Amino acid sequence: MGTYSNTRRSFIGKLGKGVALSTITLSGPSSFATNLIAKRTGTTKPIRIGVIGAENSHTKGFGKLFNIDKKFPGVEIKYVWGETEEFAKEAMKHGGIPNMVRDPKEMMGKIDGLIVDHRDGKYHLAAAISFVKAGVPTFVDKPFSTNLQEAKQFLAMAREVGTPVTSYSSIAQSYETDNIKSKVDKIGEINQIVRIGPYDINSIYGGAFFYGAHMIQPLTNIFGEDVAKVRVTKNGKGKNGAHLVFGNGMLASLIFSTKKYEWRTFVETDQGLTEMIPDVLTKDVSKADKDMVDMFKTGKEPRSHQSILNGIAILAALQKSTDSNQWEEVEKITI
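Here the working numbering is used: position 108 in the sequence shown is 1066, and no number is missing along the way.
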């Protein structure tokens, strides 16, 4: 590991030099990006993917999905950059990824899609800037960012250059969550929601932002994104929770579980408390993976930039409440 010069810190430092999001000079829509997307639409052209980040187990999983199990014929991860050489080689070994790069920019011009997959979301957008400006469709793992202003500037840049970008929780971007939403839409008035799931608001990988998308985005996909204020409740012994108040007065109570890795959602109506359980069969290929590949092929974004920013705003308010122990308002975003 000591001979591997391109550590996360040096990489972010190189990218950050002269390309701070707040000082990016934006041009008109990139003809390169536009032509790239137009050429892909309706074709079966092979899709070559590069991945930045290998600390996460996700990178090995993506490699297995595309390169070993070949769930999407013609789509393959060709390159990986790891925070350490060991991380990269582990992903190559278990994910069947053929090439390691020591500088992510070595992938430039060689890939048709980029996945950015750090454990800590604060590194995501700096890693993606040069690729998005060059017209490479980019999937950013959750959380998209841990800084709301940075996220706004980045997405504005992506729109200006015409490059498709997306980010989401795989639990939210799923056939199961869509099925639950279809059920909720038929229920009528809901008074309260209870959601249970693993969520470490004190994580070293971004505090309330880490894993927060898995807790919050399914709720907003099902019940709407108009969350007005939030409050985190802590007892000092790792047994924490939170409350979200929606614009219509509906209350969501979050229980941060520590005993079991599962997510469950209940609603209270006039008929009592009901658990919302999907009744769709598990599919061979997840909606999250399909939507990402479809974006790489067609340029169509599966989630709006408005929705991405709304999610980050809720997580930012949860982080603020974690620090303040008070109710915190969720910033309203307009793009």
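A virtual CB, placed ideally from N, CA and C, is assigned to each residue, including glycine.
All values reported here derive from a predicted model rather than from experimental measurement.
With a 10 Å radius around the Cβ and a threshold of 16 neighbouring Cβ atoms, Arg1060 comes out exposed.
Cβ-Cβ distances below 6 Å link Val1094 to Leu1072 in the same chain, with the five nearest sequence neighbours on each side left out; the list follows chain order. Under the DSSP assignment, Phe1168 falls outside any beta strand (DSSP E); it carries neither an H nor an E label. Annotation for Ala1046: Ala1012, Val1038, Trp1039, Gly1040, Met1058 place their beta carbon closer than 7 Å to its own, counting only its chain and skipping 5 residues before and after.
Excluding sequence positions up to five before and after Pro1176, its CB lies within less than 6 Å of the CB of Ile1129, Ala1130, Thr1135, all in the same chain and listed in chain order. Within the same chain, Ile1180, Met1234, Pro1236 come within 6 Å of Ile1138 by CB-CB distance, once the 5 residues on both sides are set aside. Unbroken alpha helix (DSSP H) stretches of 4 residues or longer found wholly inside the stretch 1129-1180: 1133-1145, given in chain order. Straight through space, the alpha carbons of Ile1007 and Ile1026 are spaced by roughly 14 Å. Judged by beta-carbon spacing, Ala1085 lies beyond the 8 Å limit of Pro1101, meaning their Cβ atoms are not closer than that value. From the listed residues Leu1202, Lys1195, Ile1266, Phe1214, the smallest Cα separation to Asp1158 is found for Phe1214.
In the same chain as Ala1171, and ignoring 5 residues on each side of it, the C-beta atoms closer than 6 Å to its own belong to Lys1100, Pro1101, Ser1127, in chain order. Distances from the CA of Ala1274 to each of Leu1023, Ala1186, Asn1014 were compared; the closest alpha carbon is that of Ala1186.
Cβ-Cβ distances below 6 Å link Thr1223 to Arg1153, Met1234 in the same chain, with the five nearest sequence neighbours on each side left out; the list follows chain order.
Annotated three-state conformation of Phe1045 is helix, per DSSP. The three-state secondary structure of Glu1287, taken from DSSP, is strand. For Ile1270, the enclosing alpha helix (DSSP H) stretches over residues 1263-1282. Excluding residues up to 5 positions away in sequence, Met1234 lie with their Cβ nearer than 7 Å to the Cβ of Lys1141 in the same chain. Taking 8 Å as the cut-off, the Cβ atoms of Gly1032 and Ile1055 do not count as close. Beta-bridge partners assigned by DSSP to Met1058: Val1038.
For the options Ile1087, Glu1064, Pro1156, the alpha carbon positioned closest to that of Lys1217 is the one of Pro1156.
A check of alpha carbon separations from Phe1112 across Leu1267, Lys1278, Glu1220, Arg1077 identifies Leu1267 as the nearest. With 16 or more other CB atoms across the displayed protein chains lying within 10 angstroms of its CB, Gln1277 is buried. Put simply, of Thr1240, Ala1109, Met1115, Gln1150 the residue whose alpha carbon is nearest the alpha carbon of Asn1206 is Gln1150.
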